[in-house]
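In this note's numbering, the protein residues as written are 29 to 990. Glycine residues also receive a C-beta, built at the ideal position from the N, C-alpha and C atoms.
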Amino acid sequence: MNLVERGEELSIMEHMLDSGASGHGGVILVSGAVASGKTALLRAFEARVNASGALYLQATASDAERDLPLGVMGQLLLGAGLSAPDARRAACLMELVAGSAQTRRAAGELPAVAMNEIPELCGILLDKARERPLVLGIDDVRHADEHSLECLLYLARRLAVSRILVVLGENSGFLAGHARLRVDLLRLPGCRNIRLGPLKRSGVAEMISVFGDPGWRTRKLVSELHHIGGGSPLLTRALIEDRRAAGPGTTSSAGLVPGESFVRAVATCLYRSDLATRRTAWALAVAGPDMSLAELVEVLGTSRESLLRSLRALNEAGLLDAGWFRHEAGRAAVLRSLEPADRARVEARCAQVLHEHGAAATVVVRHLIAAETVDAPWARRTLIEAAERALADDEVDLALTCLRIARDTSTDPHQILEIRAALTRAGRRVNPAGVAQHLPELTAAALDGRLGTRHAEELVGHLLWFGRAERALDVLRAVERRGTEPPGRSGPGAQHRHDCPRRWMTYAYPGLPASARTCLGGTPEHTTARDTTPQHTQSLTRSPHQRAATLLMVLLDGPGEDVVVRAEQILQSTRLDDGTLTALLVALDSLVLADRLEAAAFWCETLLKEAAERHAPMWQALLAAAKARIELRTGALLAAQESARSALALVPADGWGVAVASPVATAVFTRTAMGRLDEAAAHLSVPVPDSAFQTSDGLLYLRARGHYYLAAGRPYAALDDFLTCGDLMRRWDFDLPALVPWRTDAAEAHLSLGDRERARALAEEQLALSGRGNSCARAVSLRMLACTLNAAHRLPLLGEAIEILRDRGHRLELVRATDELARAHRELGKVGQARALARKAQRLAGECGVPVPSMPSAAADTSGPYPAELPWSSGNRRHPDELSNAELRVATLAVRGHTNRQIADKLCITISTVEQHLTRAYRKLAVQRRADLAAKLSPLAGPGEDREGAAAHDACDRLHVG
29 MNLVERGEEL
39 SIMEHMLDSG
49 ASGHGGVILV
59 SGAVASGKTA
69 LLRAFEARVN
79 ASGALYLQAT
89 ASDAERDLPL
99 GVMGQLLLGA
109 GLSAPDARRA
119 ACLMELVAGS
129 AQTRRAAGEL
139 PAVAMNEIPE
149 LCGILLDKAR
159 ERPLVLGIDD
169 VRHADEHSLE
179 CLLYLARRLA
189 VSRILVVLGE
199 NSGFLAGHAR
209 LRVDLLRLPG
219 CRNIRLGPLK
229 RSGVAEMISV
239 FGDPGWRTRK
249 LVSELHHIGG
259 GSPLLTRALI
269 EDRRAAGPGT
279 TSSAGLVPGE
289 SFVRAVATCL
299 YRSDLATRRT
309 AWALAVAGPD
319 MSLAELVEVL
329 GTSRESLLRS
339 LRALNEAGLL
349 DAGWFRHEAG
359 RAAVLRSLEP
369 ADRARVEARC
379 AQVLHEHGAA
389 ATVVVRHLIA
399 AETVDAPWAR
409 RTLIEAAERA
419 LADDEVDLAL
429 TCLRIARDTS
439 TDPHQILEIR
449 AALTRAGRRV
459 NPAGVAQHLP
469 ELTAAALDGR
479 LGTRHAEELV
489 GHLLWFGRAE
499 RALDVLRAVE
509 RRGTEPPGRS
519 GPGAQHRHDC
529 PRRWMTYAYP
539 GLPASARTCL
549 GGTPEHTTAR
559 DTTPQHTQSL
569 TRSPHQRAAT
579 LLMVLLDGPG
589 EDVVVRAEQI
599 LQSTRLDDGT
609 LTALLVALDS
619 LVLADRLEAA
629 AFWCETLLKE
639 AAERHAPMWQ
649 ALLAAAKARI
659 ELRTGALLAA
669 QESARSALAL
679 VPADGWGVAV
689 ASPVATAVFT
699 RTAMGRLDEA
709 AAHLSVPVPD
719 SAFQTSDGLL
729 YLRARGHYYL
739 AAGRPYAALD
749 DFLTCGDLMR
759 RWDFDLPALV
769 PWRTDAAEAH
779 LSLGDRERAR
789 ALAEEQLALS
799 GRGNSCARAV
809 SLRMLACTLN
819 AAHRLPLLGE
829 AIEILRDRGH
839 RLELVRATDE
849 LARAHRELGK
859 VGQARALARK
869 AQRLAGECGV
879 PVPSMPSAAA
889 DTSGPYPAEL
899 PWSSGNRRHP
909 DELSNAELRV
919 ATLAVRGHTN
929 RQIADKLCIT
939 ISTVEQHLTR
949 AYRKLAVQRR
959 ADLAAKLSPL
969 AGPGEDREGA
979 AAHDACDRLH
989 VG
């Protein structure tokens, strides 16, 4: 048998064996911590005894046989090889002693019959020792029965003149239970106490050589084994086995990872310890490292001395170091050895003790959660308090768990309402879809006056999120009727307590029904001189929401410098949280509408990073949607596409409520601009609530869908969406070209339909509305107006538009304006300038990720029976008998010999759309087949225009019906 660092102890035992064989017996008491190698040492000594010719009688005491009289002595006698008469005599004596055991238990001392029979029973062993040296080995002597212990003491007092050596193995953690045995044995001259200590580093290295791979004997691994195993032979060997089980691919430099062998070894240590030590290990593992000794004493319901003794035993066993687990795997293994029901009881007790000692709610609640159910008022209060703290610390999952347990254990209706409101607030940060279930009950409570003002105002926001604007207004009216003004709250601004929610609903939900808007008031037309007094201004700027509502009011007068200042103030002074997120988003959007794209991108990235660090998916999703809108304006289409995808991936569409229109709109617009119409169509299949079209996000959706229809060759459907935007915005008094330039969008659709006069009127109207500032809306209006004019008049308008767009960073619009300017130069015969501008447009288009416009060939500028394949302008004016732009594009490509599929791929439309355009073209041109189209199409100059440049016109020349 392999023994490590036990050679000296074995030598002492062999010396005493020799003394016993010469007639001088003795007692060896081998003590040590649990699993310190006592049993292994006794077995190794047994082999030496048998080799020497002595007789080794072995017994193992057990706690299960502690009440069995002479149970240990019976094991010894079984292996003594007694003669038949001695065996019968021993059996008779044991029966007599067993019969007297009941009397012993009742009287508290050994009866006379037992005292008489024990000497005779021991005499049998003394007689046996005269034949040959005798060694009595008893392991785990702490569990021996009282009668056997009396026999051992009787023999020990006579060992000096006998050839008997008694070897006892005991756990040093059980010393208090056998004080008399130790005292009586250790005072004898022939008794020797051998104490086994933990392995040293050299011993650990030796164990690696014996049980592991010699190549593992690195300083790092030896140190790890010694630290985690605590010098315990059992734990160290288990760790070596786990290392071997990890496989041959494990390098010597890899860290040590305790596994299943270690878990089993820890359980063995625990169940070979006494109950008090075992309970201490469990309580310590459950309580954690921060619980004080005084609190741990209360958890266990024991004395401080008993606790210290158990902790000392666990330290000696190699599980603890200075009162705490050497490795987290040790703690995990101890917890695994604890039955679930027992753990729940310990967790509940820890929670109660910590609460009574004034521990923080977030500390107490972790034990309450593990305990599953603690039906006590203090426990529910602690859960609610911990949930609020956890939410403030961005531990949303912990907050939700606390609130759910509190809800399930509470019987107080008012408290349950408060918990539901808190669950709604916390759940919205992760996925608002999960909080919708609570809204009906909370709404009913708010209308009945059973919901607090704070929760009622939060409820208004939740209802608006899901498009229940009328219900939100009902709740707001109910709160106002209650008149919950705090005592002492008076003076200027007090009457405006509910002014912020009213204003906020007016501007955040401009599409409210007329009756609701009349009740709310707070529109710019309702702002009076008294509303602009310094006192009122101070009242309105107390909270971010109030300042954001004021910002929106100012924004409607035009996105000027005042808007930028107010938005920057909100962004610089407001911390991101549940109550301020909407205000921060309004400030971001205001910077975008004011064409401060660089500042908006900086703040959006900053807030998005913070939201990610704080693990708030809904915050991240909303900010990602805002980031996509910014990137779309800057022309970073690939980035905008990814941001929109990320927004919809972080929170499913059903959790977005009415706000889903925003990321969907960006996704549709982006893919349409990139020519991916099939992908854009797929995003249009995402359900958008009808109530979304009462918000500004709904306007963005209508605009994006309109541009998709326009690109797909459906100008009438596009015009319908653009004009719907206009009708809604004018009806809401929300006509902001910076938000949705619906007039220029509609003008583009009219151009596609050949109605240049109407397109020009709309472009001029938007240009007048945009003012003289350098806004993107003005640049777009200039570009669209230029599309309705002849080439000579386009140049100054497009030049100004390009200058504004370049200054403001709107690269996507800059691509279109530059391309239009290149067309104008081509029409004027300035081929060199046209080609330079076309190259610039190509480069910008490539940077933005949109399909790159083709540059005209030299031949295309002067000759060719058909127009060159260049980007098609929607600004070509035609006579009533001409084909539409879309039909003309399809017909021209058909004449060149393209198949329907090739035409569909080239124009990014469906094959079905190609077929429809060709059918209408055949009907208008009175032809039956594709071959007849060429004779009907010829490049001519339009009436009223100079014909001097007609021959030099390229693809932008008008194609008239012949």
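Let me know the secondary structure DSSP gives residue i once reduced to three states.
i	result
Cys1020	The chain is shown from 29 up to 990; residue 1020 falls before or after that span and cannot be answered.
Leu353	The question names Leu, yet the displayed sequence has Phe at residue 353. Strand.
Ile937	coil
Leu162	strand
Leu348	strand
Asp173	coil
Leu621	helix
Asp168	coil
Leu856	coil
Leu840	helix
Leu183	helix
Leu475	helix
Leu224	strand
Val592	helix
Pro317	coil
Give me the residue from the options with the minimum Cα distance to residue i.
i	options	result
Ile40	Val62, Leu69, Ala63 and Gly60	Leu69
Val194	Leu224, Leu154, His175 and Ser230	Leu154
Leu339	Leu579, Leu961, Ser200 and Gly734	Ser200
Ala845	Lys858, Leu856 and Ala873	Ala873
Ser912	Tyr744, Arg867 and Leu104	Tyr744
Ala75	Asp623, Leu45 and Leu149	Leu45
Gly60	Gly225, Leu164 and Ser176	Gly225
Gly259	Pro97, Gly275 and Ser230	Ser230
Ala627	Glu596, Arg435 and Gly358	Glu596
Ile166	Leu187, Leu104 and Arg117	Leu104
Phe290	Leu312, Arg733, Leu347 and Pro645	Leu347
Leu263	Gly287, Ala274 and Phe73	Gly287
For the alpha helix (DSSP H) that contains residue i, what are its first and last residues?
i	result
Ile56	Premise fails: Ile56 lies in the beta strand (DSSP E), Gly54 to Gly60, not in any alpha helix (DSSP H).
Lys66	Lys66 to Ser80
Leu579	Pro572 to Leu583
Met44	Gly35 to Ala49
Asp270	Pro261 to Ala273
Trp406	Pro405 to Ala420
Asp436	Val424 to Thr437
Asn913	Asn913 to Val923
Tyr299	Glu288 to Tyr299
Asp2	There is simply no residue 2 to check, as the chain begins at 29 and stops at 990 in what is shown.
Lys248	Arg247 to Gly257
Thr481	Thr481 to Trp493
May I ask which residues mark the beginning and end of the beta strand (DSSP E) holding residue i?
i	result
Ala87	Leu83 to Thr88
Gly197	Ile192 to Asn199
How would you label residue i, buried or exposed, when you count the other beta carbons within 10 angstroms and need 16 or more for buried?
i	result
Ala350	exposed
Gly799	exposed
Thr634	exposed
Cys219	buried
Asp173	buried
Thr947	exposed
Glu159	exposed
Asn904	With a pLDDT of 37 at Asn904, under the threshold of 50, the modelled position of that residue is not reliable, and the figure given next carries that caveat. Burial call: buried.
Gly109	exposed
Gln465	exposed
His385	exposed
Would you say the beta carbon of residue i comes nearer than 7 angstroms to a heavy atom of the ligand SAH?
i	result
His171	No copy of the ligand SAH appears in this structure; indeed no ligand is present at all.
Which parts of the segment 731-818 are runs of the alpha helix (DSSP H), unbroken and 4 residues or longer, counting only runs that do not cross its ends?
743-759, 770-780, 784-798 and 804-815
Mind pulling the alpha helix (DSSP H) runs of 4 or more residues that sit fully within the segment 661-743?
665-678, 689-701, 705-712 and 724-739
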